[in-house]
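A.B. asks: For the sequence shown, my numbering assigns the number 268 to the initial residue and increments by one for each residue that follows.
Got a structure here, written out as structure tokens. Questions coming.
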Amino acid sequence: MFRIFTLPVPVRTPHGRCLARYGIEPSRAGDPWWVIYRDPAGRWLTAMVDGALPA
């Protein structure tokens with residue numbers, strides 16, 4: 268399920284630390300989340316994040 272975070276969530280990405288505003292919730296508990304963020308150039312990217320994120 269697609270989620271919009273009330274407060275941006277800090278995550279570590281290949282571009283360093285960023286604040287993710289959107290996420291794709293896993294269908295099974297314990298599976299990784301995908302977060303959607305913007306890099307310094309303004310491109311929209313995704314990254315996989317292990318652990319629970321606020322929904």
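Note that beta-carbon positions come from the ideal geometry of N, C-alpha and C, so glycine has one too.
Predicted, not measured: the structure shown is a model, and the values here were computed from it.
1. May I ask you to report which of helix, strand or coil DSSP gives R279?
2. According to DSSP, is A308 part of a helix, a strand, or is it coil?
3. Taking the straight line between their C-alpha atoms, what separation do you get for M268 and A314?
4. For M315, write down the residues that DSSP places opposite it in a beta bridge.
5. Of all the options G309, I303, A308 and L312, which has the alpha carbon lying nearest to the alpha carbon of V276?
C.D. replies: If we stick to the structure as given:
1. Residue state, collapsed to three classes: strand.
2. coil
3. 16 angstroms
4. W301
5. Out of G309, I303, A308 and L312, the CA that lies nearest to the CA of V276 is found in I303.
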